[in-house]
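Worksheet: one structure, shown below.
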Amino acid sequence: PSPVVDALASERLTGEWLGARSWLRERGVSIEATWVSDTSRPLRGGVRRRTAFRSLLDVNTTVDLDALLGWSGATLFADAYGIWGRNGSDDVGDFQGFSNIDADDDRVQLAELWLQQELFDGALRLKLGKFDANSEFAFVDAAGDFLNSSAGFSPTIFPMVTYPDPATGVLVAVDPSGPLYAVAGVFDGAGAAGVPTGVRGPRTFFRDDVSDDWFAIGELGLAWDDGARFGPGRVAVGPWHHTARFDRFDGGTTSGATGFFALLEQRVVSLAAEGEDAARDVRVFGQYGWADEDVSEAHHHASAGLLVTGPCAERADDSAGVLLTWVDLSDRAGAGFPRDEATVELFYRAALTPAISLKPDLQVVESPSGGRTHTAIVGTLRIEVGL
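In this note's numbering, the protein residues as written are 9 to 395.
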């Protein structure tokens, strides 16, 4: 086969780099890159009718220190990404953020750099460095293909340390392989003071001249596998607290903000025929979040969704889904939200090759940002390329 055919058949469009990639992988070093691009336009309603283009280039390296140096249970990870383009929510006016790669400014940064150590055959896991809290807390696996930001985590966790601003933190996970697991983490909370922690390093973790605040979050969960009556699934709950002083909507201030979240995901149908290797199934999920409406714009949040992976044997790598996400915006007089916002999302992800996919997405936003404006309908085409 020609190099072009080989590249198109690979999960990474740049291939094996004349054997260098596989040589590194055999020694515990995995280098991956992904380019994601969103093109969106309000089809009805919204703030203005114009097209927004933005893209995300992510390059990361995972080092298995056991394979490389004989350091048992240790992993080193580094992730750099660049973000370019205009925030599409400026045109739609929505609160929840219909595209999860949107950011308010262009940037190139070393977003994550962390060391992880597993002990006692994986029963205890420690992580130290700069990382995304949402990769460990409040995420739903079955919601990963949706574009809306609220599918990633509840907007009631408004100080969440996440894209595009991960931060330095420490994490402890007990029995992370389940069925019962517990995870707790503490992070640099300078983001609440408007500091872009995505470009900060560990030197400022505990204290600097801008902020000495922390963000703490935990999760307690129960996971079950294929042996369960209804197939694999998971349920989890968790609290969070930020130590910063926050402005209240009544004009005063308060010390600290607190909330909690809950989530559930469950496979309900297996679509794979007997003996079929592909993981084709139907999964459902739900989320709930709460925060104090005196300081948080989002008081309650609830969402529910359905994901179909591999709708037929011929399209085993495709996926499709529907999501309903609702946020109860603060009713406090100074908050300025006469209504609540609800969004319905529909998408289909078509895998053109193992490395390239197209994802047309449609979202209907009722009462964008809790205002009295007309319902907004926004269409997005996402292109994903593994490099």
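Each residue gets a CB set at the ideal place from its N, CA and C atoms; glycine is no exception.
Being a predicted model, the structure only gives us computed values, none of them experimental.
* To do: Inspect the CB distances between the region 114 to 123 and the region 88 to 99 and report whether three or more fall short of 8 Å.
  => At 8 Å Cβ cutoff, the stretches touch.
* To do: Could you check the C-alpha separation between T333 and G130 for me, to the nearest Å?
  => Each residue's Cα considered, the two are about 35 Å apart.
* To do: Specify the secondary structure class of A150 as computed by DSSP and reduced to three states.
  => The answer is helix: DSSP assigns A150 an H, G or I state.
* Asked: Where in the region 228 to 311 do unbroken runs of the beta strand (DSSP E), each at least 3 residues long, occur, reported from the N-terminal end onward?
  -> Counting only runs of 3 or more, we get 241 to 255, 261 to 278, 289 to 299.
* Asked: When you compare each of A198, A280, F161, G344 to S219 by their alpha carbons, which one comes out closest?
  -> That would be A198, whose Cα lies nearest to the Cα of S219.
* Taking the alpha-carbon positions, what's the P172 to R52 distance? -> Roughly 28 Å between the two C-alpha positions.
* Would you list the residues sitting across from L76 in a DSSP beta bridge? => As DSSP reads the structure, L76 sits in no beta bridge.
* Asked: Can you tell which of V55, S80, A287, T47 has its C-alpha closest to the C-alpha of F128?
  -> When each option's Cα is compared against that of F128, the closest is S80.
* To do: Excluding the 5 residues preceding and the 5 following G246 in the sequence, name in chain order all residues of the same chain whose CB lies nearer than 7 Å to its CB.
  => Cβ neighbours of G246 beyond the five flanking positions: F145, A146, I225, G226, E227, L228, F268, F269.
* To do: Taking only the alpha-carbon atoms, compute the straight-line gap between G178 and L134 and give it to the nearest angstrom.
  => Position check: residue 178 holds Val in this sequence, whereas Gly was assumed. Distance between the alpha carbons of V178 and L134: 8 Å.
* Residue closest to H249, alpha-carbon to alpha-carbon, out of D196, E322, A159 -> The closest CA to that of H249, considering only D196, E322, A159, is found on D196.
* Asked: Does the beta-carbon distance from L331 to G313 come in below 7 Å?
  -> Contact: yes.
* **Nearest to Q295 (by Cα), restricted to the options G160, D110, D74** => Of the candidates G160, D110, D74, the residue whose Cα lies closest to the Cα of Q295 is G160.
* Inspect the CB distances between the region 251 to 259 and the region 273 to 292 and report whether three or more fall short of 8 Å. => Contact annotation: the region 251 to 259 does not touch the region 273 to 292, with fewer than three C-beta pairs closer than 8 Å.
* Buried or exposed: which applies to W298, given that a residue is buried once 16 or more other Cβ atoms fall within 10 Å of its Cβ? -> Note on W298: 16 or more other CB atoms within 10 angstroms of its CB, so buried under the neighbour-count rule.
* Three-state secondary structure (DSSP) of N68 -> If DSSP states are grouped into helix, strand and coil, N68 belongs with the strands.
* To do: Within the same chain, show all residues whose beta-carbon is closer than 7 Å to that of L395, passing over the 5 residues directly before and after it, in chain order.
  => Contacts found: R20, L21, T22, A41, T42, W43.
* **Pairwise C-alpha distance: D348 and D221** => Roughly 30 Å separates the two Cα atoms.
* Asked: Could one say the Cβ of L32 lies closer than 7 Å to chain C's Cβ atoms, at least one of them?
  -> Given the protein chain composition of this structure (a single chain), no chain C is represented.
* To do: Quickly, what does DSSP pair T176 with across the bridge? List them, please.
  => Answer is K138, bridged to T176.
* When burial is assigned at 16 or more other CB atoms within 10 Å of the CB, is R390 buried or exposed? -> When all chains shown are included, R390 counts as buried.
* Asked: Considering only C-alpha positions, which residue in the set P346, T170, H308 is nearest to V207?
  -> Here the closest residue by C-alpha is T170.
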